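Protein chains in written order, with the working numbering: chain A, 14 to 160; chain B, 14 to 160. Ideal Cβ positions, reconstructed from N, Cα and C, are used throughout, including at glycine. Given the structure is predicted, the values throughout are model-derived calculations rather than measurements. I have placed the structure first, in the form of structure tokens, so that the comments after it can refer back to it.
2 protein chains.
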Amino acid sequence: MSATDRQVADRLHSAAIHLLRQVRTVDSKSGLTASRLSALSVIVFGGPISISELAEAEQVRPPTISRLVKELEWEGLVSRQRDTRDRRITRIRATSKGRRLLLKGRERRVEKLAERVAGLPPEERERVAEAAATLERFSLPADHPLS
Amino acid sequence: MSATDRQVADRLHSAAIHLLRQVRTVDSKSGLTASRLSALSVIVFGGPISISELAEAEQVRPPTISRLVKELEWEGLVSRQRDTRDRRITRIRATSKGRRLLLKGRERRVEKLAERVAGLPPEERERVAEAAATLERFSLPADHPLS
DNA sequence: TCATTATTATTAGCTTAGCTAACGAAATGA
DNA sequence: TCATTTCGTTAGCTAAGCTAATAATAATGA
Chain A
14 MSATDRQVAD RLHSAAIHLL RQVRTVDSKS GLTASRLSAL SVIVFGGPIS ISELAEAEQV
74 RPPTISRLVK ELEWEGLVSR QRDTRDRRIT RIRATSKGRR LLLKGRERRV EKLAERVAGL
134 PPEERERVAE AAATLERFSL PADHPLS
Chain B
14 MSATDRQVAD RLHSAAIHLL RQVRTVDSKS GLTASRLSAL SVIVFGGPIS ISELAEAEQV
74 RPPTISRLVK ELEWEGLVSR QRDTRDRRIT RIRATSKGRR LLLKGRERRV EKLAERVAGL
134 PPEERERVAE AAATLERFSL PADHPLS
């Protein structure tokens, strides 16, 4: 591994920290934090999904997802259904309210970044767009279910 | 603002979440989390710096930094010194132990990303390197002290 | 001068989100 | 059948963000 690879990694690391700090400032309005948004997104687009699958998709431990789903359920954004074949498993699905909120909340949350993107000079804007596409590929592990 | 800008922002947002989840898995070894690493980095390279300045640089509220600095001080990584001109202000500086740990800890934390970068096919590796440079520019607000 | 106001930092207390360990319920298999 | 494995939850810890309130100091202005 070269020093350049380390520098690249360091930049990615630092950029990720700063980007998330910026979007967090609008959380109070949307009511959906980064983690909830991300999980809800997987639930909405990934269809009915079990707790374990969700934990793996989100790369966190089951208790973390378990609590998160409980909170989303309290707010009426998702619902659970016991698997009739294997009664240990519960399948999580988004409610229509959850679907609606995901789209609106996500838009709010990325609004701040989107404004900055829109305000860039054309060349830089194009570079950032390419960077985003590249990063999307890179940020998911090779064996990730959504990749 | 175009739909594309929103898509770009959405990708950046999602990628940032996933990247940070990955690096977090090595925190237990290094003993330095993302926030500490980032703040310590500003202290090490940004010279003696006040709590307010540090909060602004890190884009968080003063109480957040205040506690963080207290913890770093407990661990002997930084020291404080009252400003003799304005005794409300304390200047934070890294100890030599702090300097050493920053370099080692940061390396550990980015190691996981660096390995993935190193393992990419040459073209993709080049794209990721470019993306990192672009993202570094983009992730800092226009009026950021380090920009 | 000295009373008021502004600034700097801290403390207290809340929330979210991650973790491990321990456990109950259900399925599997020897 | 009974031991083991799997799935999910609960309990309890830590880290990191926030707001509100407060203490100490500086700056201002009547």
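For the region 78-96 of chain B, there are no residues whose beta carbon sits under 8 angstroms from a beta carbon of chain A. Across the region 111-126 of chain B, CB contacts with chain A closer than 9 angstroms involve R119, E120, R122, V123, E124, K125, L126, in sequence order along the chain. Against chain A, the CB of B:I62 has no partner CB under 8 angstroms away; the residue lies outside that interface. With its beta carbon less than 8 angstroms from one in chain B, A:A146 belongs to the interface. Proximity of B:L67 to chain A, defined by a Cβ-Cβ separation below 8 angstroms, is not satisfied. Three or more Cβ pairs closer than 8 angstroms define a contact, and the region 20-32 of chain A meets that threshold against the region 119-135 of chain B.
Distance from B:G44 to B:G118 at the Cβ level is roughly 7 angstroms; contact confirmed, criterion being Cβ atoms closer than 8 angstroms. The residue among A:S152, A:T77, A:S109 with its C-alpha nearest the C-alpha of A:F58 is A:S109.
A straight line joining the alpha-carbon of A:V36 with that of B:D99 spans about 34 angstroms. Chain order gives no chain B residues near A:R74, where near means a beta carbon separation below 8 angstroms; the closest approach is about 11 angstroms. If you check the CB distance, B:S79 and B:E86 do not come in under 8 angstroms. DSSP places A:T38 in the coil class of the three-state scheme, outside both helix and strand. Note on the region 36-83 of chain B: whole alpha helix (DSSP H) runs with a minimum of 4 residues are 40-43, 47-58, 64-71, in chain order. Classified as buried, A:G111 has 16 or more neighbouring CB atoms from the shown chains inside 10 Å of its CB. Not flagged as an interface residue toward chain B: A:E136, since no C-beta distance is shorter than 8 angstroms. Taking the Cα of A:E88 as reference, the smallest distance to any Cα among A:R49, A:R104, A:A28, A:G132 is reached at A:R49. Residue contact with chain B for A:D99: absent (no Cβ-Cβ distance below 8 angstroms to any residue of chain B).
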